[in-house]
Amino acid sequence: MDVCFRWMQKNTYSLASLVPLIPDNSIVKTPHDGIMIYSFATRQKESVFSEVDSSTTDSIYIAGGPHPSGSVEDTLEHFDYVVIGEGEETLPELVRTLQGGNIPSDVKGIAYRKDGNVVYTEKREPSDLDKYPCFDPEGIRAPIEISRGCPWRCKYCQTPRLFGNRMRHRSIDSIERFAKHYSDLRFTSSNAFAYGGNGVHPEFDKVEKLLSRLHSMEDKKIYFGTFPSEVRPEFVTHEGLDLVDKYCTNRSLSLGAQSGSDRILKEMLRGHTSEDVSVAVERCFEHEITPVVDFIFGFPDETEEDQQRTLEQIKWICRKGGKVRAHYLTPLPSTPYENIVPAPISASVHKVLGRMARDGKLNGNWDK
Ligand code: SF4
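The sequence shown: position 218 = 218 (the UniProt record's numbering), numbered continuously.
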């Protein structure tokens, strides 16, 4: 039975790590006969479900990724199997079982329907990152994943729900093996400055070991703590910034601030204050590093006063020469905010955001 991965612009990171694990597969842009594998987020669900529902191929449909993992039963209205959470061990085992013509009831970490009921198999333990590739150098590539999981529980975020609360790290030897394939090194992590540690307290000796090894490789530019990863504000210390100064090419740092209201930060279990964000921003400027700070509007019960506090902090960052990305909250499956209705952005805040965007001071998408 042929195995095909459905390629989409937004799922390349997932495909980069999974495609090398399935022998003799194809990458396709429409459904084909055989086993069809999809990975997608909530924003893509409508188009994916519509494609699968209208398909006329003779296929077994497997779904994985953030939306299916968080919304299993909804996904099983359209798909035959859901791979829940990490796919590196589960997906190859599921594919082998299906190709052998067997029922995958012994494959851990999946869900499927049987006699109208949803069956969940035994949960699978988080995988050891070193056992699996970040990408196939000859195939789809992605930034190097250095860490997975997060000990925090921000209520809007799927990361700890999908990958667990224990932060796991790829070893420096493994990271170096993938770094050989790039001249510009970019990374994914829930918090790049937490490399090597538990994600609650920085262990900069471990970050330095990683960066010094990568820096010793020939002709490498290191972009650390910047897109597509970011850092938590309370991890932005002079010690951490010294490492960026010493080893890295980037002169900007991506920080997650999320709200300027301490009431909202506390309610969402963010684990830091707005003052932590201000301190992190000041420290970046002391190192002549441009902070690029993310904010979200629309948290449940967010009042105009909360939004004004966020706006004040945004203006302050922009006045100092920092950059801001503003977003509107998307309630994601499996998170505590899954079923909330995001608070509307007040007209006056919306107007100022629009003006700042037109003046080139911030970007993002804060419309529903
Ligand atoms: S938003 Fe960041 S710190 Fe919070 S739970 Fe998600 S990954 Fe962790």
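The beta carbon of each residue, even a glycine, is placed where N, CA and C say it ideally should be. These figures come from a predicted structure and were not determined experimentally.
Can you round the beta-carbon distance between residue i and residue j to whole angstroms, since I take them to be within the 8 Å contact cut?
i	j	result
Tyr13	Ala142	4 Å
His169	Ser147	5 Å
Gly34	Ser55	In fact, because the Cβ distance is near 12 Å, the residues do not count as touching under 8 Å.
Val72	Ile84	6 Å
Ile345	Trp366	6 Å
Phe297	Gly240	Going by Cβ atoms, the distance from Phe297 to Gly240 rounds to 28 Å, so no, they are not a contact pair.
Ile144	Phe187	5 Å
Asp255	Pro291	Looking at the sequence itself, residue 255 is Leu, so the reference to Asp does not match. Correct: roughly 6 Å between the Cβ atoms.
Gly70	Ser334	3 Å
Pro306	Ser261	Residue identity check: residue 306 is Asp in the sequence provided, not Pro. Indeed they touch by this definition, with Cβ atoms about 4 Å apart.
Arg124	Gly100	Between Gly100 and Arg124 the Cβ distance is about 19 Å, and since that is not below 8 Å, they are no contact.
Leu210	Ile172	5 Å
Pro31	Thr57	5 Å
Val244	Ile314	The Cβ separation is near 23 Å, so there is no contact.
Going by DSSP, name the residue or residues bridged to residue i.
i	result
Asn102	DSSP lists no partner for Asn102.
Lys114	Asn117
Glu145	Thr188
Tyr38	Ala63
residue 427	There is no way to answer for residue 427, as the model of the chain reaches only from 1 to 368.
Gly360	The partner list for Gly360 (beta bridge, DSSP) is empty, contrary to what the question assumes.
Val83	Ile110
Val28	Arg6
residue 388	The structure shown has nothing for residue 388, since the chain only spans 1 to 368.
Item to check | Neighbourhood of the ligand SF4 [Cβ distance below 7 Å to any heavy atom], ordered by chain position | outcome: Shown in chain order are the residues whose CB sits closer than 7 Å to a heavy atom of the ligand SF4: Cys150, Trp152, Arg153, Cys154, Cys157, Thr159, Pro160, Ser190, Asn191, Arg232, Gly256, Arg270.
Item to check | alpha helix (DSSP H) runs contained entirely in the stretch 154-240, provided each spans 4 or more residues | outcome: Residue ranges of uninterrupted alpha helix (DSSP H) with 4 or more members, entirely inside the stretch 154-240 and ordered along the chain, are 159-163, 172-179, 204-215.
Checklist entry - Which full runs of the alpha helix (DSSP H) of 4+ residues lie inside the stretch 250-286, going along the chain? => result The DSSP assignment places 262-267, 274-286 as complete runs of the alpha helix (DSSP H) inside the stretch 250-286, in order along the chain (cut-off: 4 residues).
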